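Numbering (full-length UniProt numbering), first residue to last: 1 to 352.
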């Protein structure tokens, strides 16, 4: 194994990567990305697109990691045209010119070995936080929730949701979704906050459809989240459609979702599970499982997605519009269930 000190041009912070010297520069790129998984700049760049340079002077000495170098790195004043770029196929223990990090190479002390250039990419920042200016509105719902959280209806639903998640952990089946259906003004939206107040589950609230005349002030607090969720659903259905051989085929089943390695909704779910207010595009399915395992190992609460104002299936729609709506509804509820996550659908008389 070899221990390499790396630094990103434009940042300047040094970090260490431990890797087998028999691996390639391409493998090193993946390691560098993994070491910086919380850096939003690298989060939106594929490892293969990183540029790596051998951090040696023209006199063949390693660059000393000092304040002068840090300043140059932070100010983008490092001329990479005078440095040797590392090609993906090269082995790290390469001995022929230019030699890299083999056993006969002295790696020195207080130096850096690899400079990293992250290609300039305009990040697609997707926001899922609560809109500013609605603290009072949300507080009023939570005040009511504190009075209602011990009601039998609230306690029963909270216990049921926790048991559904526990059961899924045991048998790995997609859980059923819970439906709250009633006329407008009967407290369906309030139930999301009641569940939060009980504190037995982490509740992530999403307004899924256009409430129309049923508009409530609290919906505005989550308008950005709603827009992001709908954008992700549309993008992922389009990606799913490209994989099918027929144009008019139902989309959004749990089986279809599980076959998709990368989706925008996976990025949405990871950010929600981590409690973040933004993310930077699609994630892999494995990333969601990694986060779920982390929560389980940390003994965190069961996670519930509460889908409010869940749209009804269309009436008197053209065939194409009807299928598009049904695909969207399936995708909304099943993407969470494909991971064993609990889902509550709240709808005004006539849910999907």
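Note that beta-carbon positions come from the ideal geometry of N, C-alpha and C, so glycine has one too.
It should be emphasised that the depicted structure is a prediction, and the values quoted were computed from it without experimental measurement.
Quick one: measure Cβ to Cβ for residue i and residue j, integer angstroms, because I've assumed they're closer than 8 Å.
i           : j           : result
residue 24  : residue 112 : With 8 Å as the limit, residue 24 and residue 112 do not qualify as a contact, their Cβ atoms being about 20 Å apart.
residue 344 : residue 306 : 5 Å
residue 74  : residue 11  : 7 Å
residue 346 : residue 180 : 4 Å
residue 35  : residue 65  : The Cβ separation is near 16 Å, so there is no contact.
residue 309 : residue 201 : 20 Å between Cβ atoms; not a contact.
residue 100 : residue 93  : 7 Å
residue 63  : residue 57  : 7 Å
residue 293 : residue 177 : Going by Cβ atoms, the distance from residue 293 to residue 177 rounds to 23 Å, so no, they are not a contact pair.
Find the nearest neighbour of residue i within the set the options, judged by alpha-carbon distance.
i           : options               : result
residue 237 : 216, 224, 222 and 264 : 264
residue 326 : 110, 311 and 280      : 311
residue 149 : 194, 347 and 124      : 194
residue 205 : 216, 199, 198 and 189 : 189
residue 285 : 267, 64 and 18        : 267
residue 77  : 117, 97 and 85        : 117
residue 31  : 191, 19, 229 and 41   : 19
residue 203 : 64, 95, 61 and 341    : 341
residue 232 : 283, 295 and 216      : 283
residue 367 : 249, 294 and 293      : The structure shown does not extend to residue 367, since the chain is modelled only from 1 to 352, so the question has no answer here.
residue 277 : 3, 96 and 126         : 126
residue 4   : 53, 45 and 177        : 53
residue 106 : 2, 119 and 33         : 2
residue 260 : 56, 275, 242 and 272  : 242
residue 335 : 102, 21, 14 and 230   : 230
residue 38  : 85, 287, 177 and 296  : 287
residue 225 : 216, 279, 320 and 239 : 279
residue 258 : 9, 120 and 339        : 339
residue 187 : 177, 165, 151 and 163 : 151
residue 61  : 289, 102, 95 and 108  : 108
residue 67  : 46, 42, 17 and 13     : 13
According to DSSP, what are the bridge partners of residue i?
i           : result
residue 53  : 85 and 115
residue 205 : 306
residue 5   : 16
residue 344 : 178 and 306
residue 339 : For residue 339, which the question treats as bridged, DSSP gives no partner whatsoever.
residue 284 : 262
residue 126 : 279
residue 24  : 91
*Scan the region 64-124 and note each continuous alpha helix (DSSP H) run of 4 residues or more that stays entirely inside, going in chain order.*
Every unbroken stretch of the alpha helix (DSSP H) spanning 4 or more residues and falling wholly within the region 64-124 is given here in chain order: 67-74.
*Assess, as a yes-or-no matter, whether the region 78-90 is touched by the region 16-36 under the definition of 3 or more beta carbon pairs within less than 8 Å.*
Touching, yes.
*Pairing CB atoms from the region 298-305 with CB atoms from the region 141-157, are three or more of them under 8 Å?*
Because the criterion of three Cβ pairs below 8 Å is not met, the region 298-305 and the region 141-157 do not touch.
*Do the region 330-339 and the region 251-258 touch if we need at least three Cβ pairs shorter than 8 Å?*
Between the region 330-339 and the region 251-258 there are three or more inter-stretch CB-CB distances shorter than 8 Å, so the stretches are counted as touching.
*Is it a yes or a no for the region 129-141 touching the region 220-230, going by three-plus beta-carbon pairs under 8 Å?*
Result yes; three or more Cβ-Cβ pairs closer than 8 Å.
*Can we say the region 196-204 touches the region 136-147, given the rule of at least three CB pairs closer than 8 Å?*
Contact between the region 196-204 and the region 136-147 is present: 3 or more CB-CB pairs across the two stretches fall below 8 Å.
*asked:* As an exercise, report each continuous beta strand (DSSP E) stretch of at least 3 residues that is fully enclosed by the region 135-163, in chain order.
replied: The qualifying runs do not exist here; there are none.
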